[in-house]
Structures are given as structure tokens and as C-alpha cells.
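Chains A and B, in that order, give the protein sequences.
According to the working numbering, the first sequence holds residues 1 to 485 in order.
According to the working numbering, the second sequence holds residues 486 to 856 in order.
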Amino acid sequence: MNYPVWDLPVLGAGLVVAIIAVFHVLVSHFAIGGGAFLFLAEWWARRLHQSGRLEDGERVRDFLHRYATFFLVFTTVFGAMTGVGIWFAIALASPEGTSLLIHQFVFAWATEWVVFLAELSLLYLYYYGWKHNPQKDQVLLAGAYFGVSWFSLFIINGILSFMLTPGGWTLENRDLTAGFFNPSFWPSLILRTVTMFLIGGLGGLLIAGRLESEDPLKPRVVRFSASFVIPAAILVPLLFAWYWSTLPENTVKMVQDGVAGLGGGRLTAITRHLILAGVAGAAVMAGVLIAVFRPRVVTTGVAVALMVIVQMGLMGAEFFREMARKPYVLHGTLYSNSLWRKDVDAGAPVLQAPFLGRARWHPGVEPLSREHGEWVFRLQCASCHTREGYRGILSRTASWTPEFAFRWFQTMHEQGVMPPFQGSAEDRAALAAYLLDLHGKTLDGRDVLEAARKAEAAKAPPPAPPPANPPQAAADTDQPREAQP
Amino acid sequence: MNQWTPNAGIPLPPFDPVGLPAPAVVILALAYLTFTLHLLAVHFTLGSVLLMALARRQPDPARQEIARFLGTVAPLGFSYLVTFGIPPLLFVQLLYGQFFYASSVLVGVFWISVIPLLILAYGALYAHRLTRDRRPGAQGLIVTVALLGMLTIGFIYVNNLTLAMTPGRWLEIYAAHPGGATLNLGEPTLLPRLLTFLGLSPAMAGVVVWWRGRRLHRTPGQEASATVMESWGRKGIGVGVLTWIVGLASWVATLPEAPRSVLSGSGIVLAGAVVVLGIAAALPALLASRGGGVAAPVLSGTFLALGLACLILVRDQIRMAYLQDHFSLQAIPVFPQWGMLAIFAATLVAGVAFTLFWTVRVARRAAAASG
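Here it is, written out as C-alpha cells:
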């Protein structure tokens, strides 16, 4: 617990990251897939010119100029800025995790920056040289843009996939190659590459939607765009199966449990997001197939709707990827609340020692007071949970009793989605009291300790003897009451 | 009853366990280089928007031409401003992450608001460029949004970076505002620092406008516009350098004793160089005659760039003086990644060469097309 936790009301740091990331994923994939679209469409226009169909070639280029204007503004203003935004947001949500990524991969990131700089410059040379560049140069510039932008994906993919499947990398060996070319690197890269073709094609439909329905160019542009979308939509599920085979065991189990619960009407969040991605993909496939046979139905509204559906699908996929890491931010190394796995493996000094004695970021509180519980919540829980908003703790604790809460904290990590609790029985009691206090129940940590003691005494066969020590003394041992002989 | 009190007066995070991937001196060199490029782009873009806002208010064709020229280049400047801002931010997190992350969280709401402000300001510059002929009435508002957005971002940056250097305040601020809805407004160096790091903006844009004016002299029929452009560019340089020196003096005056002592020791040469180079940049603008080649604006621009580079070195010395009780770069463990550093260097050389090749090629085509 080395850094302060951004205790942002209602939204929580996690949702801030998600809002920026979901939007960025759409734009950044479009920035690459759209590059492929520009390249192939420029090539198409050039072939039309070379075959003497000058008017057709010019019309394709007119269409391309509209596409390129939209592409330039959309990808540089929203794509580049939200890319920086993710970096800002993850540093606020998980300073420790961001620091680790940067220290491990700084030169990979710096290399990606060089590539991005080239990508940006090539796009400007392509767009601002529109009037003067010969068509061959435009084809080459668009192709070069696509090549370097895909290389930036190659680099970022290594870092992103590392977070979920670090492979042979450990904190001790700091093996850059093992971490970068981790088990999910290739399936993730190819899955993203195919997805970006899909989005590039949808960008084409967006501009085609603005063409008059009687325009003879419209069916050709719609079918050209669909040729990006349909193969990609077919390949995505197959590639996902490959990606799936590389995921950590607990992630697979989380989804399997979610699917198994379908019959009983229960659905885990991770399963919901996976289903959302699948349904969105199928809907886009269906929509684009209709467009191939009835190109004139493609209006701006229809194209925007398809883009929104893809955005929903990407949201599902990205939430799935984020949740698949639970309870870690870096799988197997760093928990999402900045607790190091190595400290958990060390056992008692971290898991049972008084938490606020070890935590750095609190102003000093009276033990078992409301403030004690509030600071435990802030420093251990608030990186994922808000009080009443996103992943709100109030809705999750509505039926809790003091004794249940006290016991739950000790075992919550066993389900595989929460980190282990750090701290003593006093810390658990203070946190339980704080959460119950949020529900309007007036009690403090001492009351929770007493309730837990009574509950333990009542269920113990034969009846437990009266405590040798008062509850406060029991708490001072750092051992929960039920764990004592 | 005992209280849980923090286990140290200052909750300073430890070094990252991964350590540094190269000796600190290598990373510092990269940080200085890329931060200089970033600041050049910042000054150019902010100055362009400022001069554009002033020029567009005047109806004569020459000033409208200045506004049009700056309105065309400002979005490109903004794009490179952000792109060149990435590596210094990367390297500052590498070297001073334990300070930077902590202070960022403390002002988290404002820090994350930099992103929508960036989108707003950048989007406004494109909106201006794409709609200036169709909707002239809205342009004043659009340019004002871009200008205020950029200034606000600068103000938030200065808040965060000054807080990163004063860890003694952290705990009190965090206890009062755990949601990060606060700024470091109690910091006395705030506004002087902002003036020091943005004051040169009119000068940097002035160099480009002056250069453009000199080029325009060669185009028949454009002499009037060229003369006004030259005049605006030179005035921009004069005003910018003056603001910069005033900012620098007020920054030094408000520094606490320990960081200020840097300027009476090893930092005196660099600080002196900043002032001398600033004055040297202003001299060609004051003394050069109208017309002529582009050597004079290029000379001014070169002096300004060197002055900024020296300012960045002084700034880092001052930061180290602020942090000397808590931190030493030499104490961070180094686990070199020479192979990855070589890949980065090779990509940098190849990327710059490839981009330059295409830039020259496209520029030649454009020059040939325009006769």
C-alpha cells in the first residue's frame, strides 16, 4: 500500500478508466483498420485510373477524401487524446501497477512512441499532400501509414496481453522477452488485427451512408466496405477460441461458473460481457450481410447504428479482458488494490498485522472508530468499489450482519475475484462497522467484535467457555476470535 | 487508547521493484531532449492560438492572412505538442514516479480533466480550420475555447508538478480531499512557474510568423501582407522574451531557500545562459531590417530553442534540490535492458529518416505544384 487511493465518489477510478478505454479501443482499432481501408481504396482508385476509367477513379477518390477527413479528425483528436487519457487514468487507478509496467516496458513504449510519431506524420503527409502528391505516392503513403500503425499495435499488444498472462516473467527475473511474447500475445494480436479490419470497413459504410441512394458508386463502396467486415466477423469467434485457450485457469473457471448459472437465472458479470460481445458481433454480421444485398439501405443512421453496436461489442470484450484479470491488475503479481502477491505469500506480517500500522496514507485514527473503518475501506476497497455508485458497496452489503461481515473478510479471496484482506481482527471489525454504518446501523468496531464473539460461541459445539479476555484483548492478538483455541 | 499514526511523517512510496532499465544519465538525456521538443511545440501552438485570436479581430486582409496561416498550422502544432509530450512524461514516471503518481492522485479530478480539455482544445482548432469560411461568426468563441483550454491544462500541470516536489504537504491534502478534487493553490511558485514555462509562446509563434513573412516577400502582390507578418512576428518575439524573463525572475524570487541556492551555485551558468539566449533571440527581431532571407528568424528560433533547453536543465536541478532530503537518483537500482534500448534507438533513427524522406518528397511536390 505505497500510494494513495483515488477515492472518487460515484464513478470510482475503475469506471473512469473504462469510459476512456472503451472509447479509445474503438478509435484506435479504426485508426489501423481505416489505414488498411485507405490503402486498398487508393489502390482501387489507381487501378481504375490505369484502366482508363478516369471518372470512376475520381469518384472513388472523392469518396476517399471524405473518408480521410473524417479519419484524420476522429483518430487524431479522439484516438490520440484518449490514448493519453488511458495512461493518465490507469496511473490514477493503479499507480503501483502503472509504475511497474512503465519500469518494465519503458523502451517498448518509447519505441511505440517513435512509431506513432511516424504514423501521425505519414497521415498528415497523405492528407495535406492530397492535391499535389501523385497517386502512386498516395498509395505508398497510405500503405506506409497502415504498416507503421499496425506495428504500434504489435508493441502495445505485448504490454496489454502481458497484464493478463505474464507467462515466464516474474518480478525476480524481469524477463522482458518472456513477458512481451507471453502466452496470449499472438492470439490477442491476430484477434485485434482482424477486429481492426472490421472497424475500418464500418468506417467505409459510415461515409458510404452519406452518398445519395441513387449514386451508382454507393453499392460498390458498400460492398468494398463489407469485404472488410464479413471475413473479420467470421474469423473473430475462431480466433477468440484460440485466445481462450491461453487464459488463466481461474478466468476460465469464472466464465464456466457463469455459464453454468445460466439455467438458474444467475449470470456473472464476466459472462454477461462475453455474451454482449458475441451478440454485438452477430448483429453487425447480420446488418452488413443485409447491406451487401441491399446497399441502398445503408444510410448514415444505419452506419452509425452498426458502429454503436460494434462499440457495445468492444465494450463487452474489453470489460471481459479487464475482469478476466481479477483479482489482479498484473496477473499473479499485483492485486487490483495494489497488494503485492509476494507480500501475501509472506503471510502473517501483511495479512494479519494491524493494517493502519503498515499503511502509509492515512492521517491517524482512533482504533475501532468509524474513521478507522473508513480508512481501511478507502485504502483496501476503494480502488474497485465506490460506496453508492459503480460497483457500489452498499448494494453488495445490504443484507450483511456484523458477524457475517467480520467472517466474510477473512474468506472473501477464496472465490477468486477478491484480494485477501489485509489486517487484524480490529481492522475487520472496524471495516464491518463502517459498512453497516453506511446502511444507517449505529455501531462501532467493538460491537462487531462482540457480535462475532457471540456468534462463534453460539455455534461452537460444545458451547464455548466464557472468554478469558474481554473482546478488546482478543482483537489485540491479531487473530480472529474463531481461529483461537 | 493508542492511535494508529502514519509510520513516517511523509508517506513516500519506495522505488519501483523493477528498477531502472538504463543508467539514470541515459534516461535523463532522453527526458531533456524530448521535453525540449515538447516545450517547443507547446510554445509554438499556444503562441499561434494567441496571435490568431488577436489577428482575427482586425479586419484588414494582412491580419486576416496571419490568422488564416496560424489557424492552418495550429492543429498540426497541437498534434505534435501532445505527441512530443509522451516521452518526457514516460521518463519522468521512470525517474520520479514515486512523487509524480502520488501528487497526480492528490489532484486526481483536475489531473484527469486534462484529457477532456485536450480534446476540447484540439477539437476547437480543427473546428476552426474546417468551419472558418462557412461560419465566421462562431470563430471567436471557438478560438477562445482553444486558448482557455490550453492555458487551463498548463495551470493543472504546474499544480501537479509543484505538488510532486513538496511531499511534506501530501498527507494533509489527501486527508482533506481523498477524492482528488483539489489543487495545489497554496504553492507560491505556481503562477511564476506558469509564466516561465508558457511566457515564451508569443515569441515561438512570432518566429514562425516572421519566417512566413520573409518567405511571402518573394511572392508578387503579397508585399503588404508580408510586411505586416514580419512586424507581428518580431513584436511577438519581443513580447515573448520579455514575459519569459519577467516570469523567470518572479519564479526565482518565490523559490524556497534550498532550490534557490542552486542558482547561486552550479546552476548560475545555466540560468545565465537562459537569460542571455533569450536576449540573443530578441536582438535579430529588434535589429533586422525588413525583407531579406530567413536567416534572421531561424537564428532567433535557434536561440529560443537553446534557451528552452537550458531552462529545462535548470528546472531539473531545482527539482533535485527540492527532493534532496527524500531521494537520490543514484540510489535507484539499475537492471539494464541494453537490447531493448538498441531497438528503440534503431527505430528512432529509422523512423526519423523514413519520415524525413517522405516529408522532403511531399514538400518538393508541393513546391513544384505551386511554381
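The beta carbon of each residue, even a glycine, is placed where N, CA and C say it ideally should be.
Closer than 7 Å to the CB of Ala587 (chain B) there is at least one CB belonging to chain A. When the beta-carbon positions are compared, Ala660 (chain B) and Pro9 (chain A) stay at least 7 Å from each other. With a beta-carbon spacing of about 7 Å, Ala509 (chain B) and Ile817 (chain B) fall inside the 8 Å limit used to define contacts. Burial is judged here by how many other beta carbons sit within 10 angstroms of a residue's own beta carbon; Arg61 (chain A) has at least 16 and is buried. Of the candidates A:Ala305, A:Phe30, A:Glu212, A:Glu388, the residue whose Cα lies closest to the Cα of Phe228 (chain A) is A:Phe30. The C-beta of Asn173 (chain A) comes no closer than 7 Å to any C-beta of chain B. Per DSSP, the unbroken beta strand (DSSP E) holding Val329 (chain A) starts and ends at 328 to 330. Those residues of the segment 556 to 573 of chain B placed with their C-beta closer than 7 Å to a C-beta in chain A are Leu561, Ser564, Val567, Thr568, Ile571, Pro572, ordered along the chain.
The closest CA to that of Gly167 (chain A), considering only A:Tyr127, A:His103, A:Thr246, is found on A:Thr246. Using a Cβ-Cβ distance cut-off of 8 Å, the segment 264 to 277 of chain A and the segment 294 to 304 of chain A are not in contact, since fewer than three pairs of beta carbons, one from each stretch, lie closer than that value.
Across the structure, Pro506 (chain B) and Thr111 (chain A) are spaced so that their CA atoms are roughly 14 Å apart. The beta carbons of Leu683 (chain B) and Leu789 (chain B) sit about 13 Å from each other, so the pair does not count as a contact at 8 Å.
Contact annotation, Pro402 (chain A) with Ala452 (chain A): C-beta distance approximately 7 Å; criterion of less than 8 Å satisfied. The CB of Gln822 (chain B) comes closer than 8 Å to the CB of Phe107, Leu176 in chain A, given here in chain order. Relative to the Cα of Arg59 (chain A), the nearest Cα in the group A:Gly357, A:Gly33, A:Pro327, A:Glu42 belongs to A:Glu42. Put simply, the CB of Asp501 (chain B) is near chain A, with a gap under 7 Å to one of its CB atoms. Interface flag for Val114 (chain A) against chain B is set, since a Cβ pair is found closer than 7 Å.
For His528 (chain B), the enclosing alpha helix (DSSP H) stretches over residues 509 to 540. CA-CA distance, Ala781 (chain B) to Val590 (chain B), rounds to 46 Å.
Counting along the chain, the unbroken alpha helix (DSSP H) around Asp257 (chain A) starts and ends at 249 to 260. Closest by C-alpha distance to Trp696 (chain B), out of B:Pro705, B:Ser716, B:Val643, is B:Ser716. Contact annotation: Gly34 (chain A) and Gly200 (chain A) have beta-carbon atoms nearer than 7 Å.
As DSSP reads the structure, Tyr335 (chain A) sits in a beta bridge with A:Tyr328.
In the three-state scheme derived from DSSP, where H, G and I count as helix and E and B as strand, Trp169 (chain A) is classed as coil. Against chain B, a Cβ distance below 8 Å from Ser424 (chain A) picks out nothing, because the smallest value is about 11 Å. When Cβ pairs closer than 8 Å are counted between the two stretches, the segment 544 to 560 of chain B is seen to touch the segment 605 to 625 of chain B, the count reaching three or more. The C-beta of Met635 (chain B) comes no closer than 7 Å to any C-beta of chain A. The continuous alpha helix (DSSP H) containing Arg61 (chain A) extends over residues 54 to 73. The Cβ of Thr76 (chain A) sits closer than 7 Å to at least one Cβ of chain B.
The beta carbons of Ile600 (chain B) and Ala612 (chain B) sit no closer together than 7 Å.
The alpha helix (DSSP H) runs lying completely inside the segment 80 to 141 of chain A and spanning 4 residues or more are 81 to 93, 95 to 128, given in chain order. Residue contact check for Asp62 (chain A) against chain B: no CB pair falls below 7 Å. Scanning A:Gly97, A:Phe39, A:Ile234 for the CA closest to the CA of Asp137 (chain A) turns up A:Phe39.
Less than 7 Å divides the Cβ of Val594 (chain B) from the Cβ of Ala666 (chain B). Any Cβ of chain A closer than 7 Å to the Cβ of Gln815 (chain B) would place that residue at the interface, and such an atom is absent. Those residues of the segment 316 to 350 of chain A placed with their C-beta closer than 7 Å to a C-beta in chain B do not exist.
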